[in-house]
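A.B. asks: The UniProt record's numbering applies: residue 1 is where the sequence shown begins, and numbers increase by one. Cβ atoms here follow ideal geometry from the backbone N, Cα and C, with glycine treated the same way. Quick caveat, the model's predicted, so the values are computed rather than measured. Quick one: the structure is below, and I'll ask about it shortly.
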Amino acid sequence: MKQLSLPANSPLLSKEFTFGVATASFQIEGGADSRLPCIWDKFCATPGKIADNSNGLVACDHYNNWANDIELIDSLGVDAYRLSISWPRVIKADGSLNPVGVKFYTDILDELARRNIKAFVTLYHWDLPQHLEDKGGWLNRNTAFEYANYVDLISQAFAERVYSYATLNEPFCSSYLGYEIGVHAPGKVGREFGRKAAHHLLLGHGLAMQVLAKNSPNALNGIVLNFTPCYPVSQSEADLKATAFADDYINQWYMRPVMEGKYPDIIAQLPAEQRPDIHPGDMEIIAQPLDYLGVNFYTRLHYQASDDDFYDERPHQGPLTDIGWEIYPQALTELLVSLNEKYTLPPIYITENGAAMKDTLANGEVNDLDRISYYQQHLTALHNATLQGVRVDGYFAWSLMDNFEWAEGYLKRFGIVYVDYHTQQRTVKASGLAYSNLITSR
Ligand code: IFM
């Protein structure tokens, strides 16, 4: 299969539906000399943290190649480009704007506008300035206010250039992976940290939404959450209970506060030292109305009862992508339908979906039929969710191009464009051509 297709009457093929590609600052930019250090610089410099001992100092050198990269994006025919802003590039240590960093992004945004490509801007995709981590990072409540100050300054500087803002990308990853199990920067470990970091991230989100409502009322303003739907290994009462707990701990912990101003009820089961420090009024700030919800989806996981009151996670079972995640597109349909049942949802954008595959570049081509198949199955799953009444307004492929895949370094390739990291040559993969054909043939 070399092409992607959808039923002719699919809402995904309507003119209003937005198709895009996504990236994130630390993963592609490089240009590290012209910004402050961030937590990922320090994490990468710590031996044993990144699978190939690499870092983001050069990455895809997008800092120098951005104009060609925007031309490449345009050549794919997409409606939108989702990028993130590096906080340590645009804000100096004294909290004021860095004009050089701001110009880097306004040039990109102006070029996108010139080409009629909508800019979906994520304000925080994990690259916290290191000087703020030195004061406690997301465990320090003040970081939420530093973040709101940054959002205030940058959204004023961007003026009307941005079609859509996301306050945070995947606060689960920043808090749980970064402060609870330590596989992401800043690498802190302890159940007493994860929920606290999450609360300050969510507070930052709420404060930022208030700022955006003032500075950028014409933009679509929202948040991007990642969901890994939880399935039980058996229908036993104990496994079902553990699975429901896992879902609350991993997924609903971020969704429910944002939508309803409440943490899941399991908060009462957590020992006091693991609970967040919630000040009066925090939950109201967190539950600001959203113009849209960004959903990132890749895979699902299975759970069973454990010896403690938590859960045991079973390793992924095949079929797997190259990063070891199960391919199970039906979970995307089931996730969206269940969110639609549980909550009063704003319009949904799938802000990330895609797969790492073992790509090879041969004779100037990457014949990634496995990735095309992944996209086909997930677009069909998304179409099926719309048939069941879920409103979905857009879809972004993760990622535009191969890039720094966090703890996996450059070993895992998620792009629909291949990057040769020695020459910085970009080659559109068969999946990129298929995605482009789908979009341009609407
Ligand atoms: O590369 C990441 C991205 O930064 C956030 N969402 C998941 C992707 C794949 O792991």
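Can you list, in chain order, the residues of its chain whose CB lies under 6 Å from that of residue 343, leaving out five sequence neighbours each side?
C.D. replies: As a position in the sequence shown, residue 343 is number 343, starting the count at 1. Excluding positions up to five away in sequence, the list reads 259.
A.B. asks: I need the boundaries of the beta strand (DSSP E) containing residue 234, first residue and last residue.
C.D. replies: As a working note, residue 234 is residue 234 in the sequence shown. That residue, residue 234, is in no beta strand (DSSP E); it is neither H nor E in DSSP.
A.B. asks: Can you list the beta strand (DSSP E) stretches of 3 or more residues lying completely in the segment 322-397, in chain order?
C.D. replies: 348-352
A.B. asks: Please return the same chain residues whose Cβ sits closer than 7 Å to the Cβ of residue 247, not counting the five positions on each side in sequence.
C.D. replies: Residue numbering aside, residue 247 sits at position 247 when the sequence shown is read from its first letter. 230, listed in sequence order.
A.B. asks: In the DSSP output, what is residue 84 paired with across the bridge?
C.D. replies: Residue 84 sits at position 84 when you count from the first residue of the sequence shown. 122.
A.B. asks: Could you tell me which of 371, 240 and 404 sits nearest to residue 397, measuring between CA atoms?
C.D. replies: By one-based count along the sequence shown, residue 397 stands at place 397. Nearest C-alpha to residue 397 among 371, 240 and 404: 371.
A.B. asks: What residue range is occupied by the uninterrupted alpha helix (DSSP H) comprising residue 424?
C.D. replies: Locating residue 424 in the sequence shown gives position 424, counting from the first residue. Neither: residue 424 is in no alpha helix (DSSP H) and is coded neither H nor E.
A.B. asks: What does the alpha-carbon distance come out to for the pair residue 198 and residue 365?
C.D. replies: For the purposes of this step, residue 198 is taken as residue 198 along the sequence shown, with counting starting at 1. For the purposes of this step, residue 365 is taken as residue 365 along the sequence shown, with counting starting at 1. Distance between the alpha carbons of residue 198 and residue 365 is about 42 Å.
A.B. asks: Do you know how far the Cα of residue 133 is from the Cα of residue 250?
C.D. replies: What you label residue 250 is simply residue 250 of the sequence shown in a count that begins at 1. What you label residue 133 is simply residue 133 of the sequence shown in a count that begins at 1. When rounded, the distance between both Cα atoms is 23 Å.
A.B. asks: Could you tell me the alpha carbon to alpha carbon distance between residue 450 and residue 245, rounded to whole angstroms?
C.D. replies: It is not possible to answer for residue 450, since the shown part of the chain is limited to 1 through 442.
A.B. asks: Check whether the Cβ atoms of residue 350 and residue 414 lie closer than 8 Å to each other.
C.D. replies: Numbered from its first residue, the sequence shown carries residue 350 at position 350. Numbered from its first residue, the sequence shown carries residue 414 at position 414. Contact: no.
A.B. asks: My output table needs one value for residue 222: the three-state DSSP class, helix, strand or coil.
C.D. replies: Taking the first residue of the sequence shown as 1, we reach residue 222 at position 222. In this structure, residue 222 counts as strand in the three-state DSSP scheme.
A.B. asks: Helix, strand or coil for residue 34, going by three-state DSSP, please let me know.
C.D. replies: Numbered from 1 along the sequence shown, position 34 holds the residue referred to as residue 34. If DSSP states are grouped into helix, strand and coil, residue 34 belongs with the helices.
A.B. asks: Could you compute how far the alpha carbon of residue 408 sits from the alpha carbon of residue 129?
C.D. replies: By 1-based counting over the sequence shown, the position of residue 408 is 408. By 1-based counting over the sequence shown, the position of residue 129 is 129. Answer to the nearest angstrom: the Cα atoms are 21 Å apart.
A.B. asks: What are the boundary residues of the alpha helix (DSSP H) that includes residue 106?
C.D. replies: Taking the first residue of the sequence shown as position 1, residue 106 is located at position 106. Note, residue 106: alpha helix (DSSP H), 99-114.
A.B. asks: So does residue 245 have its beta carbon nearer than 7 Å to some heavy atom of the ligand IFM?
C.D. replies: Taking the first residue of the sequence shown as 1, we reach residue 245 at position 245. For the ligand IFM, not one heavy atom lies less than 7 Å from the Cβ of residue 245.
A.B. asks: Check for me: the alpha helix (DSSP H) holding residue 133 runs from which residue to which?
C.D. replies: Taking the sequence shown and counting its residues from 1, the one referred to as residue 133 is at position 133. Counting along the chain, the alpha helix (DSSP H) containing residue 133 begins and ends at 130-133.
A.B. asks: Ignore the nearest five residues each way along the sequence and tell me which others in residue 310's own chain have a CB closer than 7 Å to its CB.
C.D. replies: For the purposes of this step, residue 310 is identified with residue 310 of the sequence shown, where counting begins at 1. Only 245 meet the Cβ criterion.
A.B. asks: Does DSSP put residue 164 in a helix, a strand or coil?
C.D. replies: Here the question's residue 164 lines up with position 164 in the sequence shown. Residue 164 falls in the strand class under three-state DSSP.
A.B. asks: Which same chain residues end up closer than 6 Å to residue 58 when comparing Cβ atoms and leaving out the 5 residues on each side of it in sequence?
C.D. replies: Counted from its first residue, the sequence shown places residue 58 at position 58. Correct list, in chain order: 30.
A.B. asks: Which whole-angstrom value describes the C-beta separation of residue 336 and residue 327, a residue pair presumed to lie in contact below a C-beta threshold of 8 Å?
C.D. replies: On the sequence shown, position 336 is the one that residue 336 refers to. On the sequence shown, position 327 is the one that residue 327 refers to. Not a contact, Cβ separation roughly 17 Å.
A.B. asks: Got a sec? Which residues, its chain only, sit under 8 Å from residue 173 by beta carbon, not counting five neighbours each side?
C.D. replies: Taking the sequence shown and counting its residues from 1, the one referred to as residue 173 is at position 173. Closer than 8 Å at Cβ, skipping near neighbours: 126, 184 and 226.
A.B. asks: Around the C-beta of residue 237, are 16 or more other C-beta atoms found within 10 angstroms, so that it is buried, or is it exposed?
C.D. replies: Taking the first residue of the sequence shown as 1, we reach residue 237 at position 237. When all chains shown are included, residue 237 counts as exposed.
A.B. asks: From what residue to what residue does the beta strand (DSSP E) around residue 304 run?
C.D. replies: The residue you call residue 304 lines up with position 304 of the sequence shown. First-last of the beta strand (DSSP E) with residue 304: 301-304.
A.B. asks: Going by the CB atoms, is the gap between residue 153 and residue 205 shorter than 8 Å?
C.D. replies: As a working mapping, residue 205 is identified with position 205 in the sequence shown. As a working mapping, residue 153 is identified with position 153 in the sequence shown. No, Cβ-Cβ distance for residue 205 and residue 153 is not below 8 Å.
A.B. asks: Quick one: Cα of residue 272 to Cα of residue 389, how far?
C.D. replies: Mapped onto the sequence shown, residue 272 falls at position 272. Mapped onto the sequence shown, residue 389 falls at position 389. Going by the C-alpha atoms only, they are around 40 Å apart.
A.B. asks: Just reading off the beta strand (DSSP E) that residue 408 is part of, what are its end residues?
C.D. replies: Looking up residue 408 in the sequence shown gives position 408. Looking at the DSSP string, residue 408 is not in any beta strand (DSSP E), and its letter there is neither H nor E.
A.B. asks: Could you spell out where the alpha helix (DSSP H) holding residue 63 opens and where it closes?
C.D. replies: On the sequence shown, position 63 is the one that residue 63 refers to. Run containing residue 63: 62-76, per the alpha helix (DSSP H) assignment.
A.B. asks: On the premise that residue 109 lies in contact with residue 445, defined as a C-beta separation below 8 Å, what is that separation, rounded to the nearest angstrom?
C.D. replies: In this structure the chain extends from 1 to 442, so residue 445 is not present and cannot be described.
A.B. asks: Given 7 Å as the limit, tell me if residue 396 has its C-beta closer than that to any heavy atom belonging to the ligand IFM.
C.D. replies: Within the sequence shown, numbered from 1, the residue matching residue 396 stands at position 396. No.
A.B. asks: If contacts are defined as beta-carbon pairs under 8 Å, then residue 38 and residue 401 qualify, I think. What distance do you get, rounded to the angstrom?
C.D. replies: In the sequence shown, the residue the question calls residue 38 occupies position 38. In the sequence shown, the residue the question calls residue 401 occupies position 401. Contact flag wrong, Cβ pair sits at about 21 Å.
A.B. asks: Round the Cβ separation of residue 224 and residue 294 to the nearest angstrom and send it over; I've been treating them as touching at under 8 Å.
C.D. replies: Start at 1 with the first residue of the sequence shown, and residue 224 comes out as number 224. Start at 1 with the first residue of the sequence shown, and residue 294 comes out as number 294. Contact flag correct, Cβ pair sits at about 3 Å.
A.B. asks: Please indicate yes or no: does the CB of residue 40 lie closer than 7 Å to some heavy atom of the ligand IFM?
C.D. replies: Counting from one through the sequence shown, the residue named residue 40 turns up at place 40. Checking every heavy atom of the ligand IFM against the Cβ of residue 40, none is found closer than 7 Å.
A.B. asks: Please name the residue or residues paired with residue 413 in a DSSP beta bridge.
C.D. replies: To locate residue 413, count along the sequence shown from 1; it is residue 413. In DSSP, residue 413 forms no bridge with anything.
A.B. asks: Once the 5 residues before and after residue 288 are set aside, which same chain residues still bring their CB inside 6 Å of it?
C.D. replies: As a position in the sequence shown, residue 288 is number 288, starting the count at 1. Result list for residue 288: 206 and 209, in chain order.
A.B. asks: Report the CB separation of residue 426 from residue 72 in whole angstroms; it is logged as a contact under 8 Å.
C.D. replies: Numbered from its first residue, the sequence shown carries residue 426 at position 426. Numbered from its first residue, the sequence shown carries residue 72 at position 72. The Cβ separation is near 6 Å, so the contact holds.
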